[in-house]
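What follows is one structure encoded as structure tokens, with my remarks underneath.
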Amino acid sequence: MPLQIILGTQWGDEGKGRVVDLFSSRAELVARYNGGDNAGHTVTVGEQTFKLHLIPSGIVHPHTLGILGGGMVVNPLTFFAELDSLRTFDVAAGPERLKISHAAHLITPAHKALDAAQEASRGSDKIGTTGRGIGPAYTDKASRQGLRAGDLLDEAAFLEKLHAHIRAANRVLDRLFQAPVLDVERVSAEYASAALRLRPFLADTGLLVHRALAEGRTVLAEGAQGTLLDLDLGTYPFVTSSATTSGGVFSGLGLGARPVEAVIGVTKAFQTRVGSGPFPTELDGEMAERLRGTGSNPWDEFGTTTGRPRRVGWLDLVLLRYAARVNGLTGLVITKLDVLSGLPELRLCYAYQRGGERWEELPYGPADLDGYAAEYEDLPGWSEDLTGIRRWAELPAAALRYLERIEAAVGVPVRMVSVGPERSQIVER
Ligand code: IMP
Numbered sequence: 313m314p315l316q317i318i319l320g321t322q323w324g325d326e327g328k329g330r331v332v333d334l335f336s337s338r339a340e341l342v343a344r345y346n347g348g349d350n351a352g353h354t355v356t357v358g359e360q361t362f363k364l365h366l367i368p369s370g371i372v373h374p375h376t377l378g379i380l381g382g383g384m385v386v387n388p389l390t391f392f393a394e395l396d397s398l399r400t401f402d403v404a405a406g407p408e409r410l411k412i413s414h415a416a417h418l419i420t421p422a423h424k425a426l427d428a429a430q431e432a433s434r435g436s437d438k439i440g441t442t443g444r445g446i447g448p449a450y451t452d453k454a455s456r457q458g459l460r461a462g463d464l465l466d467e468a469a470f471l472e473k474l475h476a477h478i479r480a481a482n483r484v485l486d487r488l489f490q491a492p493v494l495d496v497e498r499v500s501a502e503y504a505s506a507a508l509r510l511r512p513f514l515a516d517t518g519l520l521v522h523r524a525l526a527e528g529r530t531v532l533a534e535g536a537q538g539t540l541l542d543l544d545l546g547t548y549p550f551v552t553s554s555a556t557t558s559g560g561v562f563s564g565l566g567l568g569a570r571p572v573e574a575v576i577g578v579t580k581a582f583q584t585r586v587g588s589g590p591f592p593t594e595l596d597g598e599m600a601e602r603l604r605g606t607g608s609n610p611w612d613e614f615g616t617t618t619g620r621p622r623r624v625g626w627l628d629l630v631l632l633r634y635a636a637r638v639n640g641l642t643g644l645v646i647t648k649l650d651v652l653s654g655l656p657e658l659r660l661c662y663a664y665q666r667g668g669e670r671w672e673e674l675p676y677g678p679a680d681l682d683g684y685a686a687e688y689e690d691l692p693g694w695s696e697d698l699t700g701i702r703r704w705a706e707l708p709a710a711a712l713r714y715l716e717r718i719e720a721a722v723g724v725p726v727r728m729v730s731v732g733p734e735r736s737q738i739v740e741r
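Residue numbering for the sequence shown follows our numbering, starting at 313 and increasing by one per position.
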């Protein structure tokens, strides 16, 4: 029963989209299990670049069935906008190819308004959310007052719940945040007309996935965000509100752990982060600009969802070891190795220094990263352009050494590296 899991080991933006694209060429079902349209997955196929936020990236392969699992929060407006954009690229994705779990929660305009008001009220302690309403939607879920996709099946009851939800959000917006309130009638009518169009897509997706696995078909679980943004295991409170790690797959898709065949951790060859929070290996100045790019290419380090420049730094192996542990990784994929070409020297962070002591593991997990200074090992760089390389043996000796050091420090084999944004620019071991 082959369930393959692909997830990010850092703060998101590891280049999972293209790795998922490769694995989904060999899978039959592609499933998202967490998050919503806060994700930004870029897949480049020939001249075309797809940017997907909500729909599983594997959908660009015409043979796949896409699943939006119950662990997700779905904004119907984004869902239909994304379907339209897929259509302009001739990717047909109707209810026959996409299934949304009845248990997924719905993101409404009230959630987005609350997200904005909460962020504004945090002042200098902003989390730097994507503004998509993710936190408020999961808050409603946890406090058992959310709107679920399955609620759409009873239209009259849904409309009643929607009105009550927007009225309740208005009270919070007005009284707690002194923020503008929503026009209940207008917003409900516009939103309901989009939300009700989701009905043909609804299914018990857990059962679909279970049956596919029982028949021996390959299911790919596509993680969004990254390990360090996991609500429980990440750099709290600078995290997202869902379970981004491998544990989230089981509740998020409605499965047990038995079918797992592989847990692949996608790691950029360096470290990046969008939004606030501590970052021990962060770089600034010329080196940061060099790693970030100018923003003129879709693969430069600027947020897919927000366009914000990402913070960049050297690869942090303390955090990568942690990610390998909490996800039970069976393999690593290192992306953007080509970006390091031409740097005379590379640094890998093996441990931290704090209070005169050396720390190879964080004593209280990654939420407590403040005050830890990175301790580096310097490695020689390479000058060769990697973008044309397709065979492992052709990688320069210094690049192989860099990969071997990562592998040895983390204890997980590197299965492949990417050397450019194109589908074909992958070197498998
Ligand atoms: P939220 O998920 O919009 O609530 O944002 C919470 C934190 O997660 C912020 O720091 C965001 O920048 C970050 N975040 C959310 N989604 C992504 C993503 O797909 N890539 C990178 N960072 C993300």
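For glycine and all other residues, C-beta sits at the position ideal for the given N, C-alpha and C.
Within its chain, find whatever has a CB closer than 6 Å to the CB of residue 486; leave out the 5 residues flanking it on each side and keep chain order. 493
Near residue 562, which residues of its chain fall below 7 Å by C-beta distance, leaving aside the five closest residues on each side in sequence? 568, 569
If you pair each beta-carbon of the region 630 to 640 with each one of the region 577 to 591, do three or more pairs fall below 8 Å? yes
Please tell me whether residue 341 and residue 380 are closer than 9 Å, where the distance is taken between their beta carbons. no
Alpha helix (DSSP H) containing residue 430: first to last residue? 421 to 434
Please confirm whether any heavy atom of the ligand IMP lies closer than 8 Å to the CB of residue 323. yes
For residue 503, which residues of its own chain have a beta-carbon under 8 Å away from its beta-carbon, when the five flanking residues on both sides are left out? 388, 389, 420, 421, 474
Rounded distance between the beta-carbons of residue 510 and residue 391, thought under 8 Å: 7 Å
In terms of alpha-carbon separation, which member of 598, 683, 484, 533 lies closest to residue 427? 484
Residue 444 CB to nearest heavy atom of the ligand IMP below 8 Å: yes
Would you say the beta carbon of residue 628 is closer than 8 Å to some non-hydrogen atom of the ligand IMP? no
Segment limits, beta strand (DSSP E) that includes residue 363: 360 to 364
In the DSSP assignment, what residue or residues form a beta bridge with residue 438? The partner list for residue 438 (beta bridge, DSSP) is empty, contrary to what the question assumes.
So, with DSSP's three-state summary, where would you put residue 535? strand
Just list the alpha helix (DSSP H) runs in the region 509 to 577, keeping only unbroken ones of 4 residues or longer that don't cross its boundaries, in chain order. 517 to 526, 559 to 565
Three-state secondary structure (DSSP) of residue 369: helix
Can you tell me which of 436, 521, 358, 434 puts its alpha carbon nearest to the alpha carbon of residue 401? 358
Keeping to the same chain, check which residues put their C-beta closer than 7 Å to that of residue 548; ignore five residues upstream and five downstream. 679
Could you give the first and the last residue of the continuous alpha helix (DSSP H) run that contains residue 634? 629 to 639
Simplified DSSP assignment, three categories, for residue 694: coil
At what residues does the beta strand (DSSP E) containing residue 730 begin and finish? 726 to 730
Answer with buried or exposed for residue 606, where buried requires no fewer than 16 other C-beta atoms within 10 angstroms of its C-beta. exposed
Against chain C, does residue 617 count as a neighbour if the rule is that its beta carbon must be under 9 Å from one of theirs? Within the model displayed, chain C is absent; a lone protein chain is all it includes.
Backbone CA spacing between residue 682 and residue 667 [nearest angstrom]: 12 Å
Assuming residue 702 contacts residue 739 under a Cβ cut-off of 8 Å, what Cβ separation, rounded to an integer in Å, is found between them? 6 Å
Could you check if residue 463 is buried or exposed, using at least 16 other CB atoms within 10 Å of its CB as the buried criterion? buried
Is residue 537 close to the ligand IMP? I mean its beta-carbon at under 8 Å from any heavy atom of the ligand. yes
Proximity winner among 526, 550, 731, 469, relative to residue 436 (alpha-carbon distances): 550
Of the residues 643, 579, 672, the one placed nearest residue 626, counting alpha carbons only: 579
The alpha helix (DSSP H) spanning residue 303 covers which residue range? In the structure as shown, the chain begins at 313 and stops at 741. Residue 303 is therefore absent and cannot be evaluated.
Cβ-Cβ distance between residue 555 and residue 351 below 9 Å: no
What is the residue span of the alpha helix (DSSP H) that residue 714 lies within? 709 to 722
What did DSSP end up calling residue 689 once you bin it into helix, strand or coil? strand
So, for residue 674: in the same chain, excluding its five sequence neighbours on each side, which residues have a beta-carbon less than 6 Å away from its beta-carbon? none
Would you grab the beta carbon distance between residue 699 and residue 731 for me? Rounded to a whole angstrom, and I think it's under 8 Å. 5 Å
Sort out for me which residues DSSP pairs residue 384 with in a bridge. 347
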